[in-house]
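Number of protein chains: 2
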Amino acid sequence: MRSIGKLVIIGVGLIGGSFALAMKRAGLVGQVVGVGRSLDNLNRAIELGVIDAASQDPAQAVAGADLVMVATPVGQMGRVFDAIAPVLPAAAIVTDAGSTKGDVAQLMRAHLPEHLAYCVPAHPIAGSDRSGAAAAQYGLFEQRRVVLTPLEATLPEAAEAVGQWWQASGARVFSMRADEHDAVFASVSHLPHLLAFAYVEMVANKTDAARCFDFAATGFKDFTRIAGSHPEMWRDISLANRDALLADLRAYQAGLAQLTQWVEAGDGAALEQMFQHAREARVQWAQRFAQGV
Amino acid sequence: MRSIGKLVIIGVGLIGGSFALAMKRAGLVGQVVGVGRSLDNLNRAIELGVIDAASQDPAQAVAGADLVMVATPVGQMGRVFDAIAPVLPAAAIVTDAGSTKGDVAQLMRAHLPEHLAYCVPAHPIAGSDRSGAAAAQYGLFEQRRVVLTPLEATLPEAAEAVGQWWQASGARVFSMRADEHDAVFASVSHLPHLLAFAYVEMVANKTDAARCFDFAATGFKDFTRIAGSHPEMWRDISLANRDALLADLRAYQAGLAQLTQWVEAGDGAALEQMFQHAREARVQWAQRFAQGV
Numbered sequence: 001m002r003s004i005g006k007l008v009i010i011g012v013g014l015i016g017g018s019f020a021l022a023m024k025r026a027g028l029v030g031q032v033v034g035v036g037r038s039l040d041n042l043n044r045a046i047e048l049g050v051i052d053a054a055s056q057d058p059a060q061a062v063a064g065a066d067l068v069m070v071a072t073p074v075g076q077m078g079r080v081f082d083a084i085a086p087v088l089p090a091a092a093i094v095t096d097a098g099s100t101k102g103d104v105a106q107l108m109r110a111h112l113p114e115h116l117a118y119c120v121p122a123h124p125i126a127g128s129d130r131s132g133a134a135a136a137q138y139g140l141f142e143q144r145r146v147v148l149t150p151l152e153a154t155l156p157e158a159a160e161a162v163g164q165w166w167q168a169s170g171a172r173v174f175s176m177r178a179d180e181h182d183a184v185f186a187s188v189s190h191l192p193h194l195l196a197f198a199y200v201e202m203v204a205n206k207t208d209a210a211r212c213f214d215f216a217a218t219g220f221k222d223f224t225r226i227a228g229s230h231p232e233m234w235r236d237i238s239l240a241n242r243d244a245l246l247a248d249l250r251a252y253q254a255g256l257a258q259l260t261q262w263v264e265a266g267d268g269a270a271l272e273q274m275f276q277h278a279r280e281a282r283v284q285w286a287q288r289f290a291q292g293v
Numbered sequence: 001m002r003s004i005g006k007l008v009i010i011g012v013g014l015i016g017g018s019f020a021l022a023m024k025r026a027g028l029v030g031q032v033v034g035v036g037r038s039l040d041n042l043n044r045a046i047e048l049g050v051i052d053a054a055s056q057d058p059a060q061a062v063a064g065a066d067l068v069m070v071a072t073p074v075g076q077m078g079r080v081f082d083a084i085a086p087v088l089p090a091a092a093i094v095t096d097a098g099s100t101k102g103d104v105a106q107l108m109r110a111h112l113p114e115h116l117a118y119c120v121p122a123h124p125i126a127g128s129d130r131s132g133a134a135a136a137q138y139g140l141f142e143q144r145r146v147v148l149t150p151l152e153a154t155l156p157e158a159a160e161a162v163g164q165w166w167q168a169s170g171a172r173v174f175s176m177r178a179d180e181h182d183a184v185f186a187s188v189s190h191l192p193h194l195l196a197f198a199y200v201e202m203v204a205n206k207t208d209a210a211r212c213f214d215f216a217a218t219g220f221k222d223f224t225r226i227a228g229s230h231p232e233m234w235r236d237i238s239l240a241n242r243d244a245l246l247a248d249l250r251a252y253q254a255g256l257a258q259l260t261q262w263v264e265a266g267d268g269a270a271l272e273q274m275f276q277h278a279r280e281a282r283v284q285w286a287q288r289f290a291q292g293v
């Protein structure tokens, strides 16, 4: 497998930091340079051995890079691509870790038009409500999925190299079109995050909120875990995957209106049938998920 | 502490079974008789040592009982109370484990009018998506909360005895009015269950459902865990706590409509502010919950 002489991680958080650790452990990287806005976070990343050197200037950092991973929120990627475009080594592969892919492809086309052959949009599926360099961990990607959505212009060998590095981190690598990716992730990830945020917000605004929180237990805990996620990141995702999300939000609202009508009418049979159907789908999914299918 | 010569558990599942195990471990019970509709489940409960004897006839079982716990779905309680009313020992305490309390109080008033002094409605908060006698476990109630909602007619010593038995199981015991209880649990438990069922149902009905489930990960797993819950139980809860639930469903739908409008308008600032506010509430709650406050 091709090794990475110099790896530049722009955005040293959970994903970028854990990828750096994975490449180090696999012995696949020479030097890791971390780039970020917060000096505190970069110093922490150096202390923890996540990166070897730090910079606050992406353009300066990418000199001599073999692989540049942009692991910032999607909303910052345009500026990052602009900054590195004039100085990227000709054959440096550029990848990302964004949760939406259609918009990242568009940003690459707009801001790295000369470099598209080496652009490999990617989405490692390893969410967590933790963030920052201190959240980086060995083994984060073991058995996790990574979806690559290569551009039409992407060189197959560039996509292959990125896929192999991710495999070396323990992940299972898939490829699909950006629009397919975005529809799937609107449904299984982005929508539930929005639903969880909206739910916690509703409870927090109740007049008996304090008593409610007092009696919230494990069901509440699991259901709302993702409402502890990074607000800026989820703002960006909400905007970036707007169309797919709106379609899902509308479908969900229609389902909820139906459910509300059943509760109002006291239609126990309809409620039980829906609960049963949903439960079966959930149980089947959980079995497959536990087996890593 | 008063001990229970004969404990009758009507509905030998997670809650009833675990309560029996807790009383046995605490040395507070002579004999445990389990009552249920399924012989398989009752036999399993005997094999596992959860109960000492089984019956399919509640009226027969309660002869000589000191404590009768009705741990069936709320929808079955009326029939159970009717069946035991004529044969209950005069000073047998009757308690339940239902997730709603206003309706249980009403059922007790309607079906056990001569016995209200010994009726102690209770809600042990130890949810799980597992059910049946095989789910019964030691220690289920350690550090969990149990809310008692005594009737006006309930004798203080009956409520106190039930509270002490729950304390002996490791639980922390609270008392409040039934309507206060029901409003709180609509918000922190019943609503999220309905939201989770509706969400899984929506995904399961998508044309790309199979691909969606393929890429669902840990966020999806936690958010949907409660959609694996017992359909009949949740049908009963939805009907039993209808008014509080409808108020919350409407508040949630209003919040979701607002959120959808922000996504549609691309209002990143409004989205981020809401996410941030919800996140802070969730983080603060999680800290308190972890400390067992």
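Heads up: the protein sequence lines correspond to chains X and F, in order. Take the first sequence: its position 168, counting from 1, is numbered 168 in the UniProt record's numbering, and each next residue is one higher. Take the second sequence: its position 10, counting from 1, is numbered 10 in the UniProt record's numbering, and each next residue is one higher. Note that beta-carbon positions come from the ideal geometry of N, C-alpha and C, so glycine has one too. All figures in this text were calculated on a predicted structure; none of them were measured in a lab.
So with Cβ pairs under 8 Å, would you call residue i a contact of chain F?
i	result
G266(X)	yes
Q287(X)	no
I271(X)	According to the sequence displayed, residue 271(X) carries Leu and not Ile. For L271(X), the answer is yes, since a Cβ of chain F falls inside 8 Å of its Cβ.
H115(X)	no
E160(X)	no
R37(X)	no
Are the beta-carbon atoms belonging to residue i and residue j less than 8 Å from one another?
i	j	result
R279(X)	A227(F)	yes
T207(X)	L246(F)	no
V8(F)	V29(F)	no
A122(F)	G17(F)	no
A210(F)	H277(X)	no
R250(X)	V263(F)	no
I84(X)	P58(X)	yes
H181(F)	T224(F)	no
A117(X)	T154(X)	yes
L151(X)	A105(X)	yes
A198(F)	L48(X)	no
W166(F)	V146(F)	yes
G268(F)	L239(X)	yes
Using a cut-off of 9 Å between C-beta atoms, extract the partners of residue i located in chain F.
i	result
E152(X)	Near E152(X) there are no residues of chain F at all, since even the closest Cβ is about 22 Å away, more than 9 Å.
V263(X)	L194, S238, L239, R242, L245, L246, L249
Q253(X)	Q253, L256, A257, T260
Interface residues of chain F around residue i at Cβ under 7 Å?
i	result
L42(X)	Result: empty, since nearest Cβ-Cβ is about 24 Å, beyond 7 Å.
A281(X)	V200, A204
A278(X)	F197, V200, E201, A204, A227
D208(X)	A183, V184
Please work out which residues of its chain come closer than 6 Å, Cβ to Cβ, to residue i, disregarding the five sequence neighbours upstream and downstream, and give them in chain order.
i	result
V70(X)	I10, M77, V80, D96
R2(X)	A161
Q60(X)	none
E272(X)	none
Q287(F)	none
Using a C-beta to C-beta distance shorter than 8 Å, which residues of chain F count as neighbours of residue i?
i	result
C212(X)	V184, S187, V188
I226(X)	G219, D222, F223
Give every residue of the same chain whose Cβ lies closer than 7 Å to the Cβ of residue i, excluding the five residues on either side of it in the sequence, and list them in chain order.
i	result
T72(X)	I10, G11, V80
G292(F)	Q143
A183(F)	A244
L112(X)	F81, A85, V94, C119
A126(X)	I15, L140, F141, R144
A133(F)	V12, G13, G17, N41, R44, A45, L48, V50
Anything in chain X within Cβ reach of residue i, meaning under 7 Å, just list it in chain order.
i	result
M274(F)	F197, E201
P231(F)	E272, F275, Q276, R279
W234(F)	F275
Return no unless some Cβ of chain X is closer than 8 Å to the Cβ of residue i.
i	result
I125(F)	yes
K101(F)	no
Using a Cβ-Cβ cutoff of less than 8 Å, which residues in the same chain neighbour residue i once the five nearest sequence positions on both sides are dropped?
i	result
G64(X)	G5, K6, P89
A186(F)	N241, A244, L245, A247, D248
H193(F)	I226, A227, S229, W234, I237
C212(X)	V203, K206
Y252(F)	L191, L195
Given that residue i touches chain X, what residues does it touch there, using C-beta distances under 8 Å?
i	result
D179(F)	None at all; the shortest Cβ gap to chain X is about 11 Å.
R145(F)	F215, A217
* Asked: Taking the runs of the beta strand (DSSP E) that are 3 residues or longer, which of them lie wholly in the stretch 128-215 of chain F?
  -> 145-148, 172-175
* Every unbroken beta strand (DSSP E) inside the stretch 46-83 of chain F [3 residues or more] -> 53-55, 67-70
* Enumerate, from N- to C-terminal direction, the unbroken beta strand (DSSP E) stretches of 3 or more residues contained entirely within the stretch 3-47 of chain F. => 4-10, 29-35
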